[in-house]
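Per my numbering, the sequence shown starts with residue 2, numbered consecutively. Positions of the beta carbon are idealized from the N, C-alpha and C atoms, including for glycine.
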Amino acid sequence: MYAIDHLMFEVDDPQEAYEEFNEVFGLPNAWPYVSGYNYDSIGLNFGAFNVEFIRFRIRFGESVLVQKNKIGGIAFRADQDLKTELENLRNNNIAFEIGEDIAMHTTVPLNKSRHEVTPFVVSYKFNTEGWRKRTQEEFFAADGGKLKIGKSCKVILNNEYKMYDKIVSGVQFEDGKYPLTIALCSRLSCKPNDFEYLGANFHFCDD
2 MYAIDHLMFE VDDPQEAYEE FNEVFGLPNA WPYVSGYNYD SIGLNFGAFN VEFIRFRIRF
62 GESVLVQKNK IGGIAFRADQ DLKTELENLR NNNIAFEIGE DIAMHTTVPL NKSRHEVTPF
122 VVSYKFNTEG WRKRTQEEFF AADGGKLKIG KSCKVILNNE YKMYDKIVSG VQFEDGKYPL
182 TIALCSRLSC KPNDFEYLGA NFHFCDD
């Protein structure tokens with residue numbers, strides 16, 4: 002079963018979007034700003050997963066001429082080798098293609114033409130254990146940031162993604178206004194209002 006690795010917001014200026022978004026949350030960095038041939042990217046650490054702000058030049062192997070500001074993707078982390086993961090997708094009758102194959106990782110978009118928010122599997126080519134341990138430690142050291150967010154959270158995908166329920170763990174599927182809702186546990190006595198960001202909804206509930 003796949004767990005959510007990160008959410009991907011496609012934006013004109015990743016650094017600016019990161020800073021504006023984190024004015025609300027006050028959480029630690031997951032990875033610093035990187036600029037490469039295919040994209041520019043920076044990540045925010047939500048403990049159980051990361052949030053990526055990215056500007057594509059090449060998106061899953063296709064050139065991007067106009068960048069749309071939107072929630073663009075949901076990344077599921079591969080825990081087995083890529084060959085095994087692809088066989089697993091075939092066995093579950095899920096259409097896929099190889100999107101990006103670079104030194105650090107391979108991405109595998111699922112039913113790319115079917116969804117506005119692209120689900121994809123990311124298979125890392127390096128041992129992520131140390132990085133994941135560090136981000137967990139830094140998340141706990143930040144004490145949940147400005148909104149006192151706990152590690153536990155709930156990810157809710159619209160029912161259009163229910164075809165993935167046999168391969169994805171830690172996700173609920175419901176009908177709703179948003180393709181993606183993140184329910185975050187907050188220790189604040191007065192919970193903030195829901196925070197909508199580029200088509201995704203962040204909802205705050207009791208820790």
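Just confirm the distance between the C-beta atoms of residue i and residue j, as a whole number of angstroms; I'd bet it's less than 8 Å.
i    : j    : result
P120 : F77  : 7 Å
F174 : L158 : 6 Å
V122 : Y3   : 7 Å
A49  : C154 : 6 Å
Y38  : P15  : About 15 Å; that fails the 8 Å criterion.
Mind checking who residue i pairs with in its DSSP beta bridge?
i    : result
F57  : Y40
W32  : G44
F10  : F54, I72
Q16  : Answer is none; Q16 lacks a bridge partner.
T107 : D102, S124
Y198 : A201
E175 : N159
F97  : L111
S170 : DSSP lists no partner for S170.
T119 : G74
Please list, in chain order, all residues of the same chain as residue i whose beta carbon is under 6 Å from its beta carbon, the five residues on each side excluded.
i   : result
F97 : L90, V109, L111
N51 : H7, A31, G44
Quick check: is any heavy atom of the ligand PLP less than 7 Å from the C-beta of residue i?
i    : result
R135 : Summarising the ligand content, the structure contains no ligands, and the ligand PLP is consequently not present.
Apart from the five residues on each side of it in sequence, which residues of its chain come closer than 7 Å, Cβ to Cβ, to residue i?
i    : result
T182 : I157, N202, H204
N46  : L28, P29, N30, A31, T136, E139, F140
Going along the chain, which residues of its own chain have a beta-carbon closer than 8 Å to the beta-carbon of residue i, five neighbours each way excluded?
i    : result
Y187 : Reading off the sequence shown, one finds Ser at residue 187, where the question assumed Tyr. Around S187: G145, L148, K149, I150, G151, P193, F205, C206, D207, D208.
N24  : The sequence shown places Glu at residue 24, not Asn. Counting only Cβ-Cβ distances below 8 Å, and skipping sequence neighbours, we find nothing.
M105 : Y125, K126, F127
Rounded to a whole number of angstroms, what is the C-alpha to C-alpha distance between residue i and residue j?
i    : j    : result
Y125 : A79  : 8 Å
G100 : I168 : 19 Å
M9   : C191 : 29 Å
M164 : D41  : 31 Å
L87  : I75  : 17 Å
D13  : R56  : 6 Å
T95  : A184 : Checking the sequence, you will find Ile at residue 95 rather than Thr. Near 27 Å, if we compare the C-alpha coordinates of A184 and I95.
F196 : K84  : 39 Å
K134 : H116 : 32 Å
F22  : D166 : 30 Å
E11  : G177 : 22 Å
E20  : S36  : 17 Å
Within the chosen definition, does the region 91 to 110 reach the region 60 to 71 through at least 3 CB pairs nearer than 8 Å?
Flag = yes, the region 91 to 110 and the region 60 to 71 touch.
Can you find at least 3 beta carbon pairs, one from the region 143 to 163 and one from the region 30 to 42, that sit closer than 8 Å?
When C-beta atoms of the region 143 to 163 are compared with those of the region 30 to 42, fewer than three pairs fall below 8 Å, so the two segments do not count as touching.
Any chance the region 123 to 131 sits against the region 65 to 72, with 3 or more Cβ pairs inside 8 Å?
Fewer than three pairs of CB atoms, one per stretch, sit closer than 8 Å, so the region 123 to 131 makes no contact with the region 65 to 72.
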